Amino acid sequence: MTAMAAILDRITAAMAREIDRGRVADYIPELSKVDPRHFGIAVATADGRVISAGEAARPFSIQSVSKVFTLSLALECLGEACWQRVGREPSGDPFNSIVQLESDNGIPRNPLINAGAIVVSDILLAGRGPDDAVAAILAFMRRITEDDSIEIDSAVASSERKTGFRNRALAHFMRAAGTVTHDPEQTLAVYFRQCAIAMTCEQLALAGRIFAFAGRIGPTGETIITPARARRVNSLMLTCGHYDGSGQFAFDVGLPGKSGVGGGILAIAPGKASIAVWSPGLNTVGNSQLGTMALEMLARETGWSVFGEG
Ligand code: GLU
Numbered sequence: 004m005t006a007m008a009a010i011l012d013r014i015t016a017a018m019a020r021e022i023d024r025g026r027v028a029d030y031i032p033e034l035s036k037v038d039p040r041h042f043g044i045a046v047a048t049a050d051g052r053v054i055s056a057g058e059a060a061r062p063f064s065i066q067s068v069s070k071v072f073t074l075s076l077a078l079e080c081l082g083e084a085c086w087q088r089v090g091r092e093p094s095g096d097p098f099n100s101i102v103q104l105e106s107d108n109g110i111p112r113n114p115l116i117n118a119g120a121i122v123v124s125d126i127l128l129a130g131r132g133p134d135d136a137v138a139a140i141l142a143f144m145r146r147i148t149e150d151d152s153i154e155i156d157s158a159v160a161s162s163e164r165k166t167g168f169r170n171r172a173l174a175h176f177m178r179a180a181g182t183v184t185h186d187p188e189q190t191l192a193v194y195f196r197q198c199a200i201a202m203t204c205e206q207l208a209l210a211g212r213i214f215a216f217a218g219r220i221g222p223t224g225e226t227i228i229t230p231a232r233a234r235r236v237n238s239l240m241l242t243c244g245h246y247d248g249s250g251q252f253a254f255d256v257g258l259p260g261k262s263g264v265g266g267g268i269l270a271i272a273p274g275k276a277s278i279a280v281w282s283p284g285l286n287t288v289g290n291s292q293l294g295t296m297a298l299e300m301l302a303r304e305t306g307w308s309v310f311g312e313g
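Given below as structure tokens:
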């Protein structure tokens with residue numbers, strides 16, 4: 004057994020002993036059906052391997068982890084002009100907060116909160132309909148994982164479409180402010196489906212390689228995004244990837260990371276590895292409770308924190 008496999012087995016065994024696993028998100032009814040006992044972890048390393056433990060081959064709803072991939076695509080489509088419609092500062096507010104938008108003239112603080120990600124979906128809608136924009140997102144996910152089996156969970160997508168009233172409020176407010184430029188329902192038709200992409204930890208770790216290896220699918224693989232873009236998405240993940248828990252995540256784990264309310268977290272050790280973890284129970288700020296603990300353990304055992312060892 005390799006050293007990494009032994010670390011992942013230790014982490015998985017430690018997480019199995021945890022009694023308080025957080026609370027599964029229930030504001031999207033379909034997500035509330037997921038059993039909180041699931042746990043999986045996968046690491047895609049610089050030597051091209053994927054090492055995993057637990058339920059790393061079971062698909063889950065990636066939800067907001069999708070935001071780092073749609074941002075990468077939008078930057079490829081629109082380049083720096085994206086930053087006229089969305090900022091780059093931590094929000095310090097919950098993921099679906101409405102309160103900042105009015106004082107900030109309808110420009111979301113960053114692309115990793117809901118309002119910012121809805122703007123990114125709107126950018127991806129330019130010149131095409133929602134079905135084509137979603138197809139482009141799915142094609143991108145399949146390309147970077149080299150896996151054509153990735154699909155959208157239509158039950159999760161329609162569950163969110165029926166109940167996504169706060170996201171509707173955000174999108175309509177931004178349409179009034181001009182940050183969203185299409186019919187808000189069309190923009191949300193992209194956003195709800197991108198959030199409902201289902202992936203396994205192994206697939207998500209593979210997808211994150213573009214951020215770990217300067218835009219490439221592995222250290223010597225095909226270049227998908229420029230090194231500068233990969234570096235910038237990493238910086239946004241570090242400062243904004245966990246909503247109003249971003250500071251705590253940097254303090255505990257010390258890696259760029261993006262969480263989703265499905266309980267997944269993608270974490271990046273630049274130049275070393277892309278890591279995906281999944282445990283559906285969330286902490287009070289909506290980030291995977293055991294996922295964060297597992298990553299803290301991994302960062303400590305590997306010395307991968309971007310802030311140093313120890
Ligand atoms: N689809 C979810 C929402 O917009 C994503 C939130 C998250 O994963 O943090 O409410």
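Residue numbers (my numbering): 4 to 313. All C-beta atoms in this analysis are idealised placements derived from N, C-alpha and C, irrespective of residue type, glycine included. Predicted, not measured: the structure shown is a model, and the values here were computed from it.
Tell me which same chain residues have a C-beta within less than 8 Å of the C-beta of residue i, skipping the five on either side of it?
i, result
"L191", "I121, S124, R164, G167, N170, R171 and A174"
"N290", "H245, Y246, G248, F252, S262 and I268"
"P97", "Y246, D247, V288 and G289"
"L241", "S249, A253, L258, P259, G260 and V309"
"P35", "With the sequence shown as reference, residue 35 is identified as Ser, and Pro is not the correct amino acid for it. Cβ neighbours of S35 beyond the five flanking positions: V27, A28 and D29."
Looking only at C-alpha atoms, which of the options sits nearest to residue i?
i, options, result
"F310", "S161, L285, F254 and A279", "F254"
"N237", "P259, C243 and A136", "P259"
"R196", "A84, G313, L128 and S75", "L128"
"P39", "A56, T184 and E21", "E21"
"T295", "G43, D29 and P133", "G43"
"S69", "R146, M202 and I31", "M202"
"V37", "A136, S308, G25 and P133", "G25"
"L221", "S277, T184, E58 and S162", "Inspection of the sequence shows that residue 221 is occupied by Gly rather than by Leu. Of S277, T184, E58 and S162, the residue nearest in Cα terms is S277."
"A231", "D50, A217 and T223", "A217"
"L285", "I14, A9 and H41", "H41"
"V137", "I147, E154 and E149", "E154"
"R146", "A17, T226 and A6", "T226"
"A179", "I101, I54 and G109", "G109"
"T5", "T182, A19, V53 and G266", "V53"
"I31", "R131, M18, A160 and R13", "A160"
"G57", "G82, G130, E92 and T15", "T15"
"E48", "E312, T223 and I228", "Here residue 48 turns out to be Thr, not Glu, going by the sequence shown. The residue with the shortest Cα to Cα distance from T48 is T223."
"T184", "C85, R219, A17 and L207", "C85"
"A302", "G313, Q292 and G181", "G313"
"M7", "S55, G130 and A19", "S55"
"R131", "V193, D12 and S282", "V193"
"M144", "T229, E92, L207 and F176", "L207"
"R219", "D135, I65 and T148", "T148"
"I65", "S282, E304 and L293", "S282"
With 16 as the cutoff for other CB atoms within 10 Å, does residue i come out buried or exposed?
i, result
"V89", "buried"
"K261", "buried"
"D151", "exposed"
"S157", "exposed"
"S106", "exposed"
"E33", "buried"
"P133", "buried"
"A199", "buried"
"W307", "buried"
"R212", "buried"
"Q87", "exposed"
"E205", "buried"
"N383", "Only positions 4 to 313 of the chain appear in this structure, which leaves residue 383 out of reach."
"G82", "exposed"
"V102", "exposed"
"G266", "buried"
"A142", "exposed"
"A60", "exposed"
"A45", "buried"
Could you check whether the Cβ of residue i sits closer than 8 Å to any Cβ belonging to chain C?
i, result
"S94", "Although the question refers to chain C, the structure presented lacks it and comprises just one protein chain."
Just to check my reading of the structure: residue i and residue j have Cβ atoms closer than 8 Å, yes? What is that Cβ distance to the nearest angstrom?
i, j, result
"A233", "K275", "The Cβ separation is near 14 Å, so there is no contact."
"S67", "V264", "7 Å"
"I140", "L76", "7 Å"
"I126", "C80", "7 Å"
"A210", "F72", "7 Å"
"A270", "L298", "5 Å"
Tell me which residues share the same chain as residue i and place their Cβ nearer than 7 Å to its Cβ, disregarding the 5 neighbours each side in the sequence.
i, result
"P111", "V89, G90, L104, A118, G119 and V122"
"Q189", "L128 and P133"
"A17", "M300"
"L74", "P114, V123 and V236"
"T182", "R88, G109, I110 and V122"
Between which residues of its own chain and residue i is the CB-CB distance below 6 Å, once the five residues before and five after are set aside?
i, result
"N99", "N117 and R169"
"C243", "P93, N113, L115 and S249"
Considering only heavy atoms of the ligand GLU, list every residue whose Cβ is less than 6 Å from one of them, following chain order. Q66, S67, F98, N99, N117, E163, N170, C198, G263, V264 and G289
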